[in-house]
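Residue numbers (this note's numbering): 2 to 535.
To start, the structure itself, in structure tokens.
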RNA sequence: GGUCCCAUCGUCUAGCGGUCAGGACAUCGGAUUCUCAUUCCGGUAACACGGGUUCGAUUCCCGUUGGGACUGCCA
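This is how it looks when you write it as structure tokens:
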């Protein structure tokens with residue numbers, strides 16, 4: 002009983018009038034009204050309600066995409082709901098078009114969300130009424146208070162704390178306005194000061210609080226005693242912590258998937274839910290996606306400043322198949338997928354169940370080579386029409402020269418990309434990205450063709466080939482002619498073929514030579530060989 | 001400094017007290033092939049360290065070391 006007293010009543014609550022003044026207006030809702038407005042969702046047992054909640058910084062991080070995929074899959078496979086919530090509470094960091102970039106990325110990667118209006122709005126900046134109503138409740142119960150500390154005040158406090166070797170932050174004796182009287186509040190308000198609303202923390206760091214993570218199990222922390230900001234003074238918007246509390250409660254989120262950088266504030270969030278008497282959601286703290294820093298040689302999180310591949314836009318620009326990126330990411334979250342797919346048990350990541358408990362918790366290095374492998378496999382198993390469509394769409398958006406070139410003769414590109422695609426089990430895996438696909442077949446255009454100057458051609462063989470070459474030959478006759486040339490010259494069949502291959506394409510490695518010549522046409526074949534003979 | 005998280009081949013991982021420690025990518029070798037591709041075979045390669053608990057530890061506990069995150073009126 003004593004303990005409860007300590008936890009729930011440490012200062013008097015503010016009067017309704019004062020709460021309205023402090024908040025800049027009377028709260029629109031009571032807690033009961035909010036509960037009614039956002040009722041429990043009508044979903045089957047075991048359905049997950051998840052959300053991807055990025056802040057609009059004008060940039061979609063690969064780690065964010067990973068989390069969004071996990072969220073989306075969890076909801077999809079359980080018959081639940083996946084939401085996209087924009088965390089735009091930091092007015093200072095707002096970037097134009099940022100939301101468009103996020104929505105566009107979600108769309109391109111096929112991450113479908115369902116923002117049911119009933120539980121909206123989905124922009125935090127439009128949910129002020131909700132936050133203020135909850136804050137009013139806390140204020141009335143003496144579990145929050147208006148704080149008039151300025152940025153300079155706090156900076157000074159922090160410096161002193163550092164100098165004295167104390168933990169930094171606004172807590173206990175450092176929380177100057179923690180027990181501020183109503184009279185003092187009114188005086189400051191009259192003087193035109195605008196307060197932030199701080200939590201009146203009743204946590205005791207000597208005690209431990211245990212927080213449950215779906216993957217990591219129960220994690221113990223010292224209780225939080227910081228009077229963290231709930232509502233910011235400059236714009237009246239909530240901090241992440243308070244928004245998370247209100248939004249995930251009233252949106253009826255069942256599972257919060259977020260990065261492990263949130264682990265340190267986990268006890269705070271549980272404290273908040275307990276103060277409200279609400280059941281917290283289940284948490285899944287994912288690991289970061291890292292790389293080895295080329296300068297320091299140390300592992301670190303993929304950063305948007307140093308690593309282009311941290312940005313989802315990078316993969317779009319280079320024309321990576323979004324499905325392959327998703328498979329790569331999905332296989333990190335559900336490592337059994339790879340094997341199941343190779344065994345033919347499932348066809349895509351969407352068919353493979355993601356077990357929350359199996360989501361890895363140690364940081365994974367981003368493996369470009371493995372992504373490449375996924376991409377090769379992905380493109381190789383794609384019908385040629387789809388491949389052509391993807392390549393054209395990419396060119397239309399990112400490479401107008403290619404787009405124009407393809408536009409002149411779309412059939413030509415299709416014929417090129419159709420080479421060696423008839424046998425599904427033996428399709429070459431030359432293609433990785435849409436961009437690279439085009440570069441790979443550039444030699445099919447005279448103005449892009451680059452003659453191989455390194456290769457030591459045997460002009461006799463080339464001349465012999467030209468003499469008997471007939472584009473109308475079927476593959477057997479064509480090959481028989483090559484065999485004849487080889488035996489006549491006393492060289493291996495492969496030598497003749499290689500001379501032709503390099504002469505016609507400029508490369509030592511290409512798909513089936515006969516098919517290439519058929520697609521190129523007699524004139525191109527003859528002129529390229531002729532150029533060498535000159 | 002404090003708090004918390006993490007630790008199996010080079011990489012991503014399987015493993016939940018007894019396994020020849022399995023798979024995939026990468027790598028190396030071989031076979032097929034018009035090809036430095038594909039396909040098919042095969043190889044090298046890992047339980048960070050030290051203590052416990054146990055008949056028996058990769059697996060459980062503690063410590064060490066190493067890596068990471070957080071420590072804002074940013075999320």
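Think of the CB as a built atom: it goes at the ideal place given N, C-alpha and C, for glycine as much as any other residue.
Keep in mind that this is a model prediction, so the values were computed, not measured.
Query: Strand pairing of residue 83, partner residues [DSSP]; Result: 51
Query: Simplified DSSP assignment, three categories, for residue 305; Result: coil
Query: Residue 473, DSSP secondary structure in three states; Result: coil
Query: For residue 110 and residue 3, the rounded distance between their alpha carbons; Result: Low local confidence applies: a pLDDT of 39 at residue 3 is under 50, so the model's placement there is unreliable, with the coordinate-based value given in what follows. Going from the Cα of residue 3 to the Cα of residue 110 covers about 54 Å.
Query: For residue 266, three-class secondary structure by DSSP; Result: helix
Query: DSSP bridge partner residues for residue 290 (one or two, in chain order); Result: 365
Query: Where residue 411 falls: helix, strand or coil (DSSP); Result: helix
Query: Pairwise C-alpha distance: residue 203 and residue 5; Result: Unreliable positioning characterises residue 5 in this predicted model, as indicated by a pLDDT of 42, which lies under 50. The coordinate reading is nonetheless provided below. So the alpha carbons of these two residues sit roughly 10 Å apart.
Query: Sheet register partners of residue 312 (DSSP bridge); Result: 62
Query: Residue 148 - partner residues in DSSP beta bridges; Result: 197
Query: Residue 42, DSSP secondary structure in three states; Result: coil
Query: Cutoff 7 Å; reference residue 305; Cβ partners in own chain excluding five residues on either side; Result: 60, 62, 311, 312
Query: Candidates 477, 530, 279, 493: closest to residue 502 by CA position; Result: 530
Query: Residue 224 in three-state terms, based on DSSP; Result: coil
Query: Residue 444 and residue 450 closer than 9 Å at C-beta; Result: yes
Query: Sheet register partners of residue 260 (DSSP bridge); Result: 287
Query: Rounded Cβ spacing between residue 12 and residue 117 (contact assumed at less than 8 Å); Result: No, residue 12 and residue 117 are not in contact; Cβ-Cβ is about 39 Å, not under 8 Å.
Query: Segment contact, 8 Å Cβ cut-off, at least three pairs: the stretch 296-304 with the stretch 368-382; Result: no
Query: Candidates 244, 27, 148, 64: closest to residue 367 by CA position; Result: 64
Query: Separation of residue 513 from residue 430, as counted between CA atoms; Result: 13 Å
Query: Classification of residue 363 by the beta-carbon crowding that lies within 10 angstroms, buried from 16 upward; Result: exposed
Query: Within 9 Å, strictly: CB atoms of residue 23 and residue 186; Result: yes
Query: Residue 521 (DSSP reduced to helix, strand or coil); Result: helix
Query: Cβ neighbour criterion (16 or more within 10 Å) applied to residue 81; Result: buried
Query: Which of helix, strand or coil DSSP assigns to residue 105; Result: helix
Query: Where residue 148 falls, given that 16 or more other Cβ within 10 Å makes a residue buried; Result: buried
Query: Simplified DSSP assignment, three categories, for residue 124; Result: strand
Query: Whole runs of the alpha helix (DSSP H) within the stretch 372-399, excluding any shorter than 4 residues; Result: 385-399
Query: Span of the beta strand (DSSP E) around residue 1; Result: The chain is shown from 2 up to 535; residue 1 falls before or after that span and cannot be answered.
Query: Buried versus exposed call for residue 328 [16 or more other C-beta atoms within 10 Å across all chains shown]; Result: buried
Query: Beta-ladder partner(s) of residue 230, from DSSP; Result: 199
Query: Run of the alpha helix (DSSP H) containing residue 19, from where it starts to where it stops; Result: 17-24
Query: Counterpart residues of residue 272 in DSSP-defined beta bridges; Result: DSSP, once it has assigned bridges, lists no residue as partnering residue 272.
Query: Chain-order list of residues whose beta-carbon lies under 7 Å from that of residue 233 (same chain, five-residue window excluded); Result: 197, 240
Query: With 16 other Cβ atoms within 10 Å as the buried cut-off, status of residue 106; Result: buried
Query: Reduced DSSP category for residue 239 - H, G, I as helix; E, B as strand; rest coil; Result: strand
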